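Take a look at the structure below.
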Ligand SMILES: N[C@@H](CCC(=O)N[C@@H](CS)C(=O)NCC(=O)O)C(=O)O
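Residue numbers (the working numbering): 2 to 207.
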């Protein structure tokens, strides 16, 4: 059975669990990271030398990096569904997976860590404001895409909706003041009704 290593409140673990559930794959999730610890164990380092979550074990395959895992699961367990095979359809999925890291989460991470994981007295309001001001206008880009397509990479739900959906889920849950993007809100409302999202990703941020 597929084994997923990582605590359930990690955005990167949530991507993987959401994808496994969409593919109706049975899986076992093992709590490591954060308060659970375990990342310094030699046996964990042998699976992921970066000592980060998530990691999956699937038969002989061990995969780390959440987007590599999403692609692996799509390729192996749902060919031509969550990660399209044709280059012309796959490219937009990969574009949004890269956008998530390079244009989105690079800003959101500080806001989330400050507002959710840092005691109020130790927060840096200037850092929160700077990253908010950087991310808020950039979200016009996925909003513009979603004015033209039902999902972020085209007409079908893909692993790009999983990663981008979790980014927007956190952005909407954080109280930093934001521009209203109607297409982004329409798309997120649809994602958040999916049973897999509700089961594994809807809990309050922690
Ligand atoms: N680029 C990596 C980032 C992995 C990462 O930073 N994971 C965080 C949790 S979201 C982690 O391992 N934190 C240490 C911990 O949980 O103890 C990926 O996408 O998988």
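Heads up, the beta-carbon is just placed ideally off N, CA and C, and yes, glycines get one too. Source: prediction; values computed, not measured.
Closest to residue i by C-alpha separation, out of the options, would be which residue?
i: residue 205; options: 172, 37, 186; result: 172
i: residue 89; options: 7, 198, 18, 156; result: 156
i: residue 167; options: 2, 19, 59, 8; result: 19
i: residue 191; options: 182, 3, 181, 158; result: 158
Please look up how many angstroms separate the CB atoms of residue i and residue j, rounded, as I've assumed it's under 8 Å.
i: residue 121; j: residue 71; result: Going by Cβ atoms, the distance from residue 121 to residue 71 rounds to 34 Å, so no, they are not a contact pair.
i: residue 94; j: residue 22; result: Wrong, their Cβ atoms sit about 19 Å apart, outside the cutoff.
i: residue 154; j: residue 100; result: Not really, about 10 Å apart at Cβ, beyond 8 Å.
i: residue 136; j: residue 185; result: Actually they do not touch by this definition, with Cβ atoms about 12 Å apart.
Would you say the beta carbon of residue i is closer than 7 Å to some non-hydrogen atom of ligand 1?
i: residue 129; result: no
i: residue 50; result: no
i: residue 66; result: yes
i: residue 11; result: yes
i: residue 8; result: yes
i: residue 54; result: yes
i: residue 116; result: no
Please state whether DSSP places residue i in a helix, a strand or coil.
i: residue 65; result: strand
i: residue 173; result: helix
i: residue 41; result: coil
i: residue 58; result: strand
What does the alpha-carbon distance come out to for the pair residue i and residue j?
i: residue 14; j: residue 26; result: 15 Å
i: residue 69; j: residue 179; result: 31 Å
i: residue 48; j: residue 174; result: 33 Å
i: residue 189; j: residue 103; result: 21 Å
i: residue 149; j: residue 84; result: 20 Å
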